[in-house]
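> This structure is in structure tokens; I'll ask about it shortly.
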Amino acid sequence: MKTFHLYLSLIITVSIVGSLPILEKITLAKMNITQMIFYRSLSQTLILGIVVWICGSSLSSGIPVKYTVYALLQGVAITIMLFFYFSAIKTADVSFVYPLIAASPLITYILAIVVLNEPFNIIRLSGVILVIGGIILILHSK
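Using the numbering used here, read the sequence shown as starting at -18 and increasing by one per residue.
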């Protein structure tokens, strides 16, 4: 059951992440970047507020302060990332910009080894290198 949940979660995530840039590009044709980030954040806040209310979750259930700070810093980082990401897709083809974001696994892989002490794995590294090779091909397609 755990494996099914994992694959279902991945399929849903990939489907949304793969289709979202199209809607973002369409929206940014008539909306500025700040408005886009505001409305996106507002919708997330409303949906999560409803989920917290329905589930009866407490936002302060003994979580150490440093983890709350980490979560807030993630929100800041995502806002900054969205600004630059929206700037890129507003000025260039989504089919060019979005695949370049695929370079992020290299950073994630390195940080997971250094910060989280995850084991080095040559097969995973090979996969990351293949992704980077694909990015190089896309860069040369312009």
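Even glycine gets a Cβ: it sits at the ideal position worked out from N, Cα and C.
This one's a predicted model, so the numbers in the text were calculated from it and none came from an experiment.
Could you give the uninterrupted runs of the alpha helix (DSSP H) lying entirely in the segment 2 to 62, keeping only those of 4 residues or more?
You should have 14 to 36.
> Which value, in whole angstroms, describes the spacing of the CA atoms of Ile59 and Leu(-9)?
One C-alpha to the other measures close to 20 angstroms.
> Under the three-state reduction of DSSP, which class applies to Ser122: helix, strand or coil?
Here Ser122 sits in coil by DSSP.
> Using only the heavy atoms of the ligand FAD, determine whether one of them is closer than 8 angstroms to the beta carbon of Leu1.
Ligands displayed in this structure: none; no statement on the ligand FAD is therefore possible.
> Give me, in chain order, the residues of the same chain whose beta-carbon lies closer than 6 angstroms to that of Val75; leave out the 5 immediate sequence neighbours on both sides.
Result list for Val75: Pro2, Lys6, in chain order.
> Consult DSSP for Leu97 and reduce its assignment to one of helix, strand or coil.
Looking at Leu97 - three-state DSSP - the assignment turns out to be coil, as it is neither helix nor strand.
> Exposed or buried, which one is Ile117 when buried takes at least 16 other CB atoms within 10 Å?
Flag for Ile117 reads exposed.
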